[in-house]
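Beneath this line is the structure, given in structure tokens, with notes to follow.
Residue numbers (UniProt numbering): 1 to 267.
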């Protein structure tokens with residue numbers, strides 16, 4: 001960082017963009033790490049902005065005396081009442097200025113009255129600036145309230161989607177195992193079918209339902225769901241009688257082979 005003595009005496013309010021730096025911050029340069037690194041935090045507390053020196057230790061709002069102006073209101077006062085007084089004084093002095101201009105425009109009182117009106121405007125402007133910290137805090141509070149509201153609405157929406165997903169899964173489970181899962185799921189206000197789950201799940205669940213022949217009570221396969229989430233399959237007697245090491249890989253005719261192999265691994 002250059003010293004204040006090396007800084008230019010005047011700086012344009014609209015400086016030219018630093019093209020020599022912009023061209024170095026390409027996507028490839030940033031990805032490869034060859035782009036210039038950001039400047040280090042200056043050790044000195046003095047810096048310049050548009051040629052005007054500033055100090056980080058100075059208060060955000062300096063008193064009027066530091067700028068060479070006289071403060072015409074009390075330090076510990078009601079800002080609302082003082083602003084009303086200043087506004088009334090500006091109007092009264094403006095009428096006096098009009099009277100001076102109509103009577104004697106070359107009078108010395110004209111310049112005196114203009115200076116007095118300027119002092120009133122400066123004091124009013126400084127008094128309004130004293131509200132800036134309060135305005136910043138209120139703005140931050142409103143932003144936080146808005147962010148909390150957005151987060152709460154998002155959580156509420158996620159809870160609604162989660163409840164609807166659970167109801168959809170329960171409805172699908174009841175379609176496959178109507179006797180065993182009818183009492184385990186809450187009543188759903190939605191009418192959900194396999195088609196609502198998408199073409200892939202619709203084809204898979206419909207195939208499982210056809211293979212297990214749930215609509216036929218004579219060939220229905222009984223499935224018992226334990227609290228430990230272990231699946232146990234009660235196969236027909238014709239299959240259980242032939243349950244030997246040589247025939248364990250043979251699935252019953254009413255069970256899909258892929259589902260049967262999955263159930264064997266779970267047992």
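Every residue gets a Cβ at the ideal spot worked out from N, C-alpha and C, and that includes glycine. Please read these numbers as outputs of a predicted model, since none were measured by experiment.
By Cβ distance below 6 Å, which residues in the same chain neighbour residue i in space, the five residues on each side in sequence not counted?
i, result
"residue 45", "55, 56, 57"
"residue 20", "none"
"residue 130", "none"
How many Å lie between residue i and residue j at the Cα?
i, j, result
"residue 47", "residue 53", "6 Å"
"residue 33", "residue 43", "26 Å"
"residue 123", "residue 84", "12 Å"
"residue 16", "residue 78", "45 Å"
"residue 152", "residue 161", "14 Å"
"residue 176", "residue 159", "26 Å"
"residue 61", "residue 138", "18 Å"
"residue 27", "residue 40", "22 Å"
"residue 154", "residue 147", "11 Å"
"residue 50", "residue 136", "24 Å"
"residue 88", "residue 38", "51 Å"
"residue 271", "residue 202", "Given a span of 1 to 267 for the chain in the structure shown, any question on residue 271 remains unanswerable."
"residue 29", "residue 14", "28 Å"
"residue 31", "residue 22", "15 Å"
"residue 18", "residue 115", "42 Å"
"residue 164", "residue 174", "15 Å"
"residue 75", "residue 132", "16 Å"
"residue 170", "residue 134", "54 Å"
Is residue i buried or exposed, if buried means 16 or more other CB atoms sit within 10 Å of its CB?
i, result
"residue 120", "buried"
"residue 149", "exposed"
"residue 92", "exposed"
"residue 113", "buried"
"residue 144", "exposed"
"residue 157", "exposed"
"residue 140", "exposed"
"residue 81", "exposed"
"residue 172", "buried"
Sort out for me which residues DSSP pairs residue i with in a bridge.
i, result
"residue 40", "Answer by DSSP bridge pairing: none, since residue 40 is not bridged."
"residue 54", "47"
So, for residue i: in the same chain, excluding its five sequence neighbours on each side, which residues have a beta-carbon less than 7 Å away from its beta-carbon?
i, result
"residue 94", "117"
"residue 25", "35"
"residue 109", "100"
"residue 312", "The question about residue 312 has no answer here: the residues shown for the chain are numbered 1 through 267."
Apart from the five residues just before and just after residue i, which ones in its own chain have a Cβ nearer than 8 Å to its Cβ?
i, result
"residue 127", "73, 79, 82, 83, 86"
"residue 63", "71"
"residue 90", "117, 120, 121, 124"
"residue 107", "100"
Open item on the list: Below 8 Å, how does it come out for the stretch 62-72 and the stretch 94-107: are there three or more Cβ pairs, yes or no?
Closed with: no
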